[in-house]
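Residue numbers (the working numbering): 38 to 485.
One structure below.
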Ligand code: GCO
C-alpha cells in the first residue's frame, strides 16, 4: 500500500466515551448520563462516570500520540460541559478544559479535529423534547457559535455531527441508545429533520466565525461492495448502497448515508420510496433544505464493514456462513468496504472523502510479558488500508484516515466489553498500555 505525504493520519475518540468527570466542575448531565444510570440499559450496568478518565489524563494520551507519531486527533466536545443546560450560561471551566486539550495537541504538533456533536445532548434540552424540538437545532447553532468564537484560529477542522443515523435511528427508533425512545416514523423523521437543520446552521456558523476552517461531517450507513475493482461501478451496487436496506437485505430505514448526505450536499431528501420516512421527507419545507445544504470541504465516513454483493447471483448479498470470521463484536470483516465506501460516496456527491472512523474490537488482554498482542487488529488494518490505498490509486480523493479509537473506551450500550483502542486501558486503574497495533500504526505512518 502507498499513501501520499500529505495524507491525514489520525485517531478518533468521543467525549462521553473517554472523559469521565461527568459531574465535575459545572458540567450538566447529558442524555447518556441519564441513560446509563437507568437500570437495564447498558451491559453489566456500566456507565461513563469515569470511563478512561481523560478529563484528568488527557496529557498522558497526547504524550502517547506524540511518541507514536500520530499527527491528527479527532475528538468531540461535550455540549453540556460547555453549556450545562444546553443554552444560556456558558461554563468557563468547560471551555478551559478544551483549551487545555487543544493547546496540548498544538504543543505536541498534533492537529485537532473537533466533532461538535457525538451524541451527548444536554439532558435539559431532552426535557424540552430533545431533537423532536426544533429549538434544539437553534440551541446547537448558538453552542457552535460559542465554541468557534472561543477557539478562533486555534482550530481549523470541524465535524458537525457524528452519525445522525445512529443518534436518531438507535436513540429514537430502536431505543437501545439514549434517550431510549421508540417513536413512530413521522416523529422519527421530525427529529431527523431537526438534526439536519442543526447541521446546516452549524456549518453557517462555523463559516461566519472560522472562515479558515475546513468543515465536514461523519456519516455512516450501508456500504455495498463487490469483489475486485472494476472500472465501471455496477448500478446494482450503487442502488443497494443508497437504499433503505441493511447488509442482510432487511429493511433498515435510517441506516443510509443518503439520508444525511442527500439533503446536506444535494439539497433534497432521497426519493427512497421503500423508507417509512419517504412521505414526510417529501413534504419538508424548501427553505429548510436550503439551510441544510451548505458547502462542505469533505465527507467523513465511519466504515467498519459492508454488504458484499454477488455479481453471479443478481447482486444479492453474499450470505454469511457458519463460522465466518467476525470481530469480537460479531461484525463481519469485509476489507472491500474501505474501497467501495469512498468510491460510491465520491461518485454520488463529488466531494473529497475522509475516513473518520474504522477499526475493530478484539478480546484484547495483557499477556504474561506485560504487553498487549493484537495480531488480529493488525491483520484487519493491513487488509482494510490496502483497499483504501487502492481507492486512491483509482483516483478517488481520499484525504485521510482516523483509526477508531485511540484508547479502549466506553462502547455505548456494550459498556466496556468491546475494546477498539490502539491503546489498552485497565479500567481498574486507568493504566494505559499501547498495543502491538499502536506500534504497527506508528510505523505505517512513518513509512507513508
Ligand atoms: C459509532 C461511533 C463510535 C463507536 C464506534 C464503534 O460509530 O458508533 O461513532 O462512537 O464507538 O463506531 O462502534
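No residue lacks a Cβ here, since even glycine has one placed at the ideal position from N, Cα and C.
query: Is it true that the CB of residue 300 sits closer than 8 Å to the CB of residue 323?; result: no
query: Quick check: the Cα distance between residue 380 and residue 198, rounded to an integer number of angstroms?; result: 22 Å
query: Could you give the distance in angstroms between the alpha-carbon of residue 41 and the alpha-carbon of residue 435?; result: 10 Å
query: Does residue 255 come out as helix, strand or coil in the three-state DSSP assignment?; result: strand
query: Taking 7 Å as the cut-off, is the C-beta of residue 323 nearer than that to any heavy atom in the ligand GCO?; result: no
query: Under the assumption that residue 392 contacts residue 335 (Cβ atoms under 8 Å), give the Cβ distance between them as a whole number of angstroms.; result: That pair is no contact at about 10 Å.
query: Taking DSSP's pairing of strands, which residues face residue 345 in a bridge?; result: 262
query: State the start and end residues of the unbroken beta strand (DSSP E) segment that holds residue 469.; result: 468–471
query: Anyone know if the C-beta pair for residue 256 and residue 231 falls short of 8 Å?; result: no
query: Any heavy atom of the ligand GCO closer than 7 Å to the CB of residue 250?; result: no
query: Hey, would you say the C-beta of residue 441 is under 7 Å away from at least one heavy atom of the ligand MG?; result: Among the ligands in the structure shown, the ligand MG does not appear; only the ligand GCO can be found there.
query: How many whole angstroms separate the CB atoms of residue 161 and residue 123, which I take to be in contact at a CB cut-off of 8 Å?; result: 5 Å
query: Put residue 449 into one of helix, strand or coil per three-state DSSP.; result: helix
query: Between residue 257 and the ligand GCO, is the CB less than 7 Å from at least one heavy atom?; result: yes
query: Please determine whether the Cβ atom of residue 107 lies at a distance below 7 Å from any heavy atom of the ligand GCO.; result: no
query: Return helix, strand or coil for residue 383, following the three-state DSSP convention.; result: helix
query: Can you tell me which of 478, 169, 97 puts its alpha carbon nearest to the alpha carbon of residue 137?; result: 97
query: Checking contacts by CB at 8 Å: is residue 152 closer than that to chain C?; result: Structure shown: chain C not included; a single protein chain is present.
query: Inspect the beta-carbon positions of residue 277 and residue 338 and report whether they are closer than 8 Å.; result: no
query: Is residue 193 closer than 8 Å to residue 250 when the C-beta atoms are compared?; result: yes
query: Check whether the Cβ of residue 51 sits closer than 7 Å to any heavy atom of the ligand GCO, and report yes or no.; result: yes
query: For the 8 Å Cβ check, are there 3 or more pairs between the region 72–83 and the region 469–476?; result: no
query: Apart from the five residues on each side of it in sequence, which residues of its chain come closer than 8 Å, Cβ to Cβ, to residue 119?; result: 127, 128, 131, 132, 135, 180, 183, 184
query: According to DSSP, simplified to helix, strand and coil, what is residue 59?; result: coil
query: Ignoring anything shorter than 3 residues, give me the beta strand (DSSP E) runs that lie fully in the region 410–444, in order along the chain.; result: 435–441
query: On the CB-based measure, 16 or more other CB atoms within 10 Å of its CB, does residue 447 come out buried or exposed?; result: buried
query: Can you name, in chain order, every residue of its own chain whose Cβ lies under 8 Å from the Cβ of residue 370, other than the five neighbours on each side?; result: 342, 362, 363, 364, 397, 417, 420
query: Is it a yes or a no for the region 262–270 touching the region 205–212, going by three-plus beta-carbon pairs under 8 Å?; result: no
query: For residue 69 and residue 53, which I take to be in contact (beta-carbon distance under 8 Å), what is that distance rounded to the nearest angstrom?; result: 5 Å
query: For residue 282, which three-state DSSP category applies?; result: strand
query: Is residue 85 near residue 57, with beta carbons less than 8 Å apart?; result: yes
query: Flag residue 384 as yes when its Cβ comes closer than 7 Å to any non-hydrogen atom of the ligand GCO, and as no otherwise.; result: no
query: Is it buried or exposed for residue 483, if we count other Cβ within 10 angstroms and need 16 for buried?; result: exposed
query: Identify which residue in 252, 454, 253, 275 has its Cα closest to the Cα of residue 261.; result: 275
query: Give me the Cβ distance between residue 344 and residue 359, rounded to the nearest whole Å; I'm assuming they're in contact under 8 Å.; result: 19 Å between Cβ atoms; not a contact.
query: Helix or strand or just coil, what does DSSP make of residue 316?; result: helix
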